[in-house]
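Asker:
Chains as they are written, first to last, in the numbering used here: chain A, 102 to 428; chain B, 102 to 428; chain C, 102 to 428.
Encoded structure:
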């Protein structure tokens, strides 16, 4: 095991560590809900005081970028943002690995990476003498999004063993779906992957170890709705739609008819079921406006939990498991 | 009234609140003039400690952007800057309102917005559960610029009731002129709007309530110069000049002859009159170099006051009116 | 002498000040190696608390930009980054001097500038009422790079009087070479400037005063290798290569044959000799991979020293020479 822990996908975390992260995230939820005056008092205990974080987002991002920034600042870190455009010009042909070696020599402890290439963060973590956090790599993984989604489910339901979660949309191309499916099964939840054929994997390989929940793949959303505890809608990228329905594209009217979550489908949900979305959502595609005013709509909770979960991850990677901080 | 106060234009502030802001700005002027060592001692009282601010400037800006950044940092806020280019790509078709909802769910308390669209900040403030500050919206308003200008006048003259202020230039297209005229009249000053016909409003509607000062519209700069206490020069955008004098454009030589402030016009000012400019100024257009060395030139004061006024606005919106902090 | 000290090139520093900076940098090396927990304890003594720094990099940079950012944050400064693209649009034709005047009026104390134009920082320092730091200006100078290189040599050898340092590559176009040659000679080291004719100055003018070390200009790398204590490799910009060998360009195969540092040349070095590079390095051009695993390769040390030296420069410019802070 490496001396410095990274978070590249959920496999990097043991079950015990996952549980710790969710409990720590709850502490940060509380701390943040107590507002500004509290930070004042706790300032001398900021867990990342003096720790330097660099955020390198090679794909554009508003919410994940802002969320990591805020998490780092709230923990007292020194934060430097390197923008993708500046980087491409500034590294002057230097390999990505050499840039990472340079940043760790500089004393940067944490590198948060988003990149269109799958496994880019893993490649960098091989040479970076510090903590790498994957903030989304191609269609591969987005572990902090999965953590915040599971944290949201746990805050709603407590233990999620045996709970049924439907993930709806472009499963095949979604790093969110990949990481979340993996995490839900480890926590004992059952997952239904729902979408048109083009968007679904041919089959789903079930790993033998440490996966307790079942996985179903289905194109029939309406049949499963009454049985689910939670629906996770995925963003449908409009460039995937085509009126001519080429391979890899789908018809938008058909998609909306079969998979859009709207008032009629909401009405079939069980009373305590919730709806989630990683954002940004397309009104009129994967959901209509009735979802946004639905009492079980948890988008805002997810966003808030995103900051707390990232604070928990940062604190855990840098400081390890610690006795509950008096908040 | 909304639970969270915003500053969209000067109408959002009562007379009492205006006075409070100017007094608080004076405290911050003093604090800043005392330099770095003082921050040390006061650190535990930073009024925005733990408060997250996001600056979103959809129009480029050096001075307003830097000024807000500095004000936020000096108050101890956690600051995230989202650049317009990144945003346009990153929101992936998400509506501006949905982005704002997301940012407030994340725990962002203050959103500072500059945007080419008039009333954009108001539109966002309808959905953002926090404080919105208008840092300039189209040709509509620029309230913190008006506040810093009035603060500069008050530091010079004390009570500005009955003082005569000439605003010179492209009144019609200037958000600075709109906000400042409004603010000056509320504080009891008389305003002369000066410029070529193309740049002047056809008429000026005088609001009945809480406007004490008079407004004059004139094309004759030279006649009023001896009577003014202050001249506010506006930036003349060169793209508005045309040798063929199309509608909406003016002739530059004629403009310079009739409205440029230069040595001869300075000589006609009363001894204690001052000259201001929101910046950036065009040497050789609205002013010549003699203005820059004029003893009554208050540009540097305005810039310094800009930071203090913005600190006062941020503190007021977040913390309300407070008993004078011992500085 | 100006009331506010700037660092435009090494001539701005006396010999005594140079020595102080290297000693102070060593203190910051130690402080940083002690890690995050230490910052906590020392927080109230952060030497740039309340001091505002603006970084304006008109040329792209990863390592120098990140290094200055980190140095400023670690000293507790308030940091605002203005990106070159935003600036070119935002200053609206304002002269660079007027922008600088505005920033100093705003209370910005330190301006870190990188610019393609030689002497740009000096031009700005004439009007900016604060401290200007040259972070690289055209082919002219890069003083903090020279300081970190000399600091690295001093940490290796102690007093470097009489030590032999070879600088290899495009001497003519390198601001690193210019500043470093100057600095090494002032510290009493002997410098050999090595490269193909196209990359070498016709002659080297030796300044009479305060230059103790000798300078040799040579095209024969192999002959001097056994006698050097340190080799500083420069980055060779690929655009300078041409297969047709135009004036000002060189042949890449010939360059590699005569000047690349590789295993065979490393073997001829004396046992305690070291190799340095300002980065980013081109594997396969000025060095091959054997250099990167060479025990005397000091690139990582240089990078780490870069932060400490910049902390020392910032502290010195703002606070002057101080009795050693208890670390």
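Just so it is clear, CB atoms sit at the ideal spot from N, CA and C, and this is done for glycine as well.
Source: prediction; values computed, not measured.
Is residue 239/A near the ligand MG, judged by its Cβ being under 6 Å from some heavy atom?
Answerer: The model depicted lacks the ligand MG and carries no ligand whatsoever.
Asker: Roughly how many angstroms separate the alpha carbons of residue 386/A and residue 208/A, rounded to a whole number?
Answerer: If I take the Cα positions, the gap works out to 45 Å.
Asker: Whole angstroms is fine: what's the gap from residue 216/A's alpha carbon to residue 277/A's?
Answerer: When rounded, the distance between both Cα atoms is 14 Å.
Asker: On a CA-only basis, which of 299/B, 423/B, 401/B is nearest residue 375/B? Give me that one, please.
Answerer: Here the closest residue by C-alpha is 401/B.
Asker: Considering only residues of the stretch 166–252 of chain B, which uninterrupted alpha helix (DSSP H) runs meet the minimum length of 4 residues and lie entirely inside it, listed in chain order?
Answerer: Runs found: 185–191, 197–206, 221–226.
Asker: Residues of chain B with CB under 9 Å from residue 205/A, in chain order?
Answerer: Within chain B, no residue comes near residue 205/A; the closest Cβ sits about 24 Å away, beyond 9 Å.
Asker: Under a Cβ-count criterion, where at least 16 other Cβ atoms within 10 Å of its own Cβ denotes burial, should residue 327/C be classed as buried or exposed?
Answerer: The residue is exposed, with fewer than 16 neighbouring Cβ atoms inside 10 Å.
Asker: For residue 320/C, does the three-state DSSP call read helix, strand or coil?
Answerer: Residue 320/C falls in the coil class under three-state DSSP.
Asker: How do the stretch 233–240 of chain B and the stretch 170–181 of chain B stand: do at least 3 beta-carbon pairs fall below 8 Å, yes or no?
Answerer: No: fewer than three Cβ pairs fall under 8 Å.
Asker: Would you check if the stretch 290–301 of chain C and the stretch 265–282 of chain C touch, i.e. whether three or more CB-CB distances between them fall below 8 Å?
Answerer: Segments in contact, yes.
Asker: Which term fits residue 332/C, buried or exposed, when burial requires 16 or more other beta carbons within 10 angstroms of its beta carbon?
Answerer: Residue 332/C comes out buried.
Asker: Would you check if there are 3 or more beta carbon pairs closer than 8 Å linking the stretch 407–426 of chain C to the stretch 114–130 of chain C?
Answerer: Touching, yes.
Asker: Considering only the alpha carbon of each residue, which of 424/C, 411/C, 422/C lies closest to residue 250/C?
Answerer: Nearest of 424/C, 411/C, 422/C to residue 250/C, Cα basis: 411/C.
Asker: What does the alpha-carbon distance come out to for the pair residue 280/B and residue 413/A?
Answerer: Approximately 45 Å, taken between the alpha carbons.
Asker: Helix, strand or coil for residue 423/B per DSSP?
Answerer: Here residue 423/B sits in coil by DSSP.
Asker: Which residue comes first and which comes last in the alpha helix (DSSP H) that contains residue 126/A?
Answerer: First-last of the alpha helix (DSSP H) with residue 126/A: 116–134.
Asker: Assess contact between the stretch 150–167 of chain B and the stretch 195–210 of chain C, defined as three or more Cβ pairs (one per stretch) separated by less than 8 Å. Is contact present?
Answerer: Judged by Cβ distances under 8 Å, the stretch 150–167 of chain B makes contact with the stretch 195–210 of chain C, as three or more pairs qualify.
Asker: Note down the Cα distance separating residue 109/B from residue 126/B, rounded to an integer number of angstroms.
Answerer: Using only the alpha carbons, I get a separation of about 19 Å.
Asker: When you compare only the Cα positions, how much space is there between residue 399/C and residue 372/C?
Answerer: So the alpha carbons of these two residues sit roughly 14 Å apart.
Asker: Given this structure, state the Cα-to-Cα distance separating residue 159/C from residue 222/C, to the nearest angstrom.
Answerer: Approximately 11 Å between the Cα atoms of the pair.
Asker: Hey, is residue 195/A's beta-carbon within less than 7 Å of any beta-carbon in chain C?
Answerer: Yes, residue 195/A lies at the interface with chain C (some Cβ there is under 7 Å from its Cβ).
Asker: Taking residue 407/B as the query, report the chain C residues whose CB atoms sit under 8 Å from its CB, ordered along the chain.
Answerer: Per Cβ cutoff of 8 Å: 207.
Asker: List the endpoints of the continuous alpha helix (DSSP H) containing residue 293/A.
Answerer: Here residue 293/A belongs to no alpha helix (DSSP H); instead the beta strand (DSSP E) covers 291–295.
Asker: Hey, does residue 396/A have any beta-carbon neighbour from chain B nearer than 7 Å?
Answerer: No - not a single Cβ of chain B is within 7 Å of the one on residue 396/A.
Asker: Using a cut-off of 7 Å between C-beta atoms, extract the partners of residue 200/B located in chain A.
Answerer: Those are 163, listed as they occur along chain A.
Asker: Output needed for residue 185/B: all residues of its chain with C-beta closer than 7 Å, excluding positions within five of it in sequence on either side, in chain order.
Answerer: Only 158, 159 meet the Cβ criterion.
Asker: Between which residues of its own chain and residue 302/B is the CB-CB distance below 8 Å, once the five residues before and five after are set aside?
Answerer: Counting only Cβ-Cβ distances below 8 Å, and skipping sequence neighbours, we find 272, 273, 294, 318.
Asker: So if I threshold CB-CB distances at 7 Å, which residues from the stretch 165–182 of chain C count as touching chain B?
Answerer: Residues passing the 7 Å Cβ filter: 179, 181.
Asker: Please report the Cβ distance between residue 329/B and residue 362/B, rounded to the nearest whole angstrom; I am assuming they are in contact, meaning their Cβ atoms lie under 8 Å.
Answerer: That pair is no contact at about 11 Å.
Asker: Taking residue 133/A as the query, report the chain B residues whose CB atoms sit under 8 Å from its CB, ordered along the chain.
Answerer: Result: 208.
Asker: Kindly indicate which residue of 183/B, 321/B, 316/B, 252/B has the alpha-carbon position closest to the one of residue 130/B.
Answerer: It is 252/B whose Cα lies nearest to the Cα of residue 130/B.
Asker: Output the distance between the C-alpha atoms of residue 211/B and residue 171/B, rounded to the nearest integer angstrom.
Answerer: Approximately 14 Å between the Cα atoms of the pair.
Asker: Taking the straight line between their C-alpha atoms, what separation do you get for residue 406/C and residue 228/B?
Answerer: For residue 406/C and residue 228/B, the distance between alpha carbons rounds to 48 Å.
Asker: Mind pulling the chain C residues with CB within less than 7 Å of residue 153/A?
Answerer: By Cβ distance, chain C contributes 171.
Asker: Can you name, in chain order, every residue of its own chain whose Cβ lies under 7 Å from the Cβ of residue 219/C, other than the five neighbours on each side?
Answerer: These residues qualify, in order along the chain: 238, 239, 240, 241.
Asker: What does residue 381/C touch in chain A if you count any residue whose Cβ is under 8 Å from its own?
Answerer: The contacting residues are 192, 193, 194, 195, 199, 200, 203.
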